[in-house]
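Residue numbers (the numbering used here): 12 to 141.
Notes to accompany the following structure.
Here you go:
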């Protein structure tokens, strides 16, 4: 199985450098604020993209990006998600949900998510639209 999560995460960290710390775990208590979490939710393979040896030619990953800010700073959360969005769109991903606020257990933290999917990644890491 090909895993592109950390390769894409490294690029996302670069895109957000100086703006927020980053991690790969969604949490209600980020280690610092502002914080952006990047998670791969799925790395599915569709049967129509298997080769004759039943090996995947393409993967269909789904990602979630979550922005956390202090003092309910909605504007900063949206700005962070926009930076992440610009990076992921340049790679060929499509935002399928968000940005949307989600409830955090800490009422002083503003938490927003966006979901990305509907694309294919080849074994060599190239992104293609379905």
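Even for Gly, the Cβ is constructed at its ideal location relative to N, Cα and C.
Check, Outcome
"For the ligand PLP, any of its heavy atoms closer than 7 Å to the Cβ of residue 106?", "Because no ligand of any kind appears in the structure shown, any question about the ligand PLP cannot be addressed here."
"Buried or exposed: which applies to residue 107, given that a residue is buried once 16 or more other Cβ atoms fall within 10 Å of its Cβ?", "exposed"
"What three-state label does DSSP hand residue 56 in the structure shown?", "coil"
"For the alpha helix (DSSP H) that residue 86 lies in, which residues bound it at each end?", "85-102"
"What number of angstroms, rounded off, separates the C-alpha of residue 29 from the C-alpha of residue 63?", "46 Å"
"If I measure Cβ to Cβ from residue 45 and keep anything under 8 Å in the same chain, skipping five residues before and after, which residues do I get?", "30, 31, 32, 78, 79, 80, 81, 84, 87, 88, 91"
"Can you look up residue 64 in the DSSP assignment and give me helix, strand or coil?", "coil"
"Provide the residue span of the beta strand (DSSP E) that contains residue 126, from first to last.", "120-128"
"Where do the ends of the beta strand (DSSP E) carrying residue 146 lie?", "Past the edges of the chain, shown from 12 to 141, lies residue 146, and the structure says nothing about it."
"Taking a contact to mean a Cβ-Cβ separation below 8 Å, would you say residue 98 touches residue 26 in this structure?", "yes"
"Whose C-beta lies closer than 8 Å to the C-beta of residue 42 among residues of the same chain, with five residues either side of it excluded?", "32, 34"
"Out of 76, 51, 24, state which residue places its alpha-carbon closest to the alpha-carbon of residue 113.", "76"
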